Structures are given as structure tokens and as C-alpha cells.
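Below is one structure, written out as C-alpha cells; comments come after it.
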Amino acid sequence: MLVLSGQQPVHTLLRYTRSSAYETLSGLASHAPLRPRGADRTSPAVLDARGSQPRDGVIEAFARIVTGDRQRAIAFRLELCPDRRWRCAAVELDGQSPAGRR
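All the letters of the sequence shown, read from the start, carry residue numbers 409 to 510 under our numbering.
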């Protein structure tokens, strides 16, 4: 949320992401889609988060986020890497990747 709201630079996530997820996050972060707009300057907040473990070493999760008067959805996949660290392997905001934006 900090990266997608423009409060942290995207490179802070470099060691926590796989390359394809980092590219997606970079594309999303360039637009700061979770930055509060208009008169409401409240920071984004997580309303709900859930996940599942479809197999060992994989977690698929989603969160509902509120920013201003708008609710957003973010989905992500975490994978346990050979170095025993969890890394984000995929991410989508509102069901879109940056390439799908117009």
C-alpha cells in the first residue's frame, strides 16, 4: 500500500518480489493508484484480507482497500523461494495489470 499510494519508492520491494511482479508493481506505482485524491487526504487502509494455500509453498491472497471514498481490490501470490524467503510472484489491482490500463 505504501508503494501504490506514493509514500515509498517501488525499489523498496525489490528483494521481496520476483521480477515479473516487480515489473507489474513498477507500472502500477508510476500512477500511484492508491494515493488519496481530492479533499480527502486520508491514507489507504485495509478493510479485509483473506488468503488460501493451494499447495505447499504458495499463498494466494486478496485485500479490500479503502482510499478516500473508493474501495479497491488487490490480489497477490506469494511463493516460498529456494532461499526459504517468501516473495511476491504476481499482483493485480482491481483485476487489471498496468498493460491493461487505458
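A virtual CB, placed ideally from N, CA and C, is assigned to each residue, including glycine.
This structure is a prediction, so every number in the text was calculated from the model and none was measured.
Counting only runs of at least 3 residues, the stretch 455 to 500 fully encloses the following beta strand (DSSP E) elements, listed from N- to C-terminal order: 466 to 475 and 478 to 488.
With respect to Pro452, Thr475 sits close: the two C-beta atoms are nearer than 9 Å. Look at Ala453 here: in three-state DSSP terms it is strand. Boundaries of the alpha helix (DSSP H) harbouring Gly435: Ser427 to Ala437, taken from the DSSP string. In the displayed model, Leu422 falls within a helix according to three-state DSSP.
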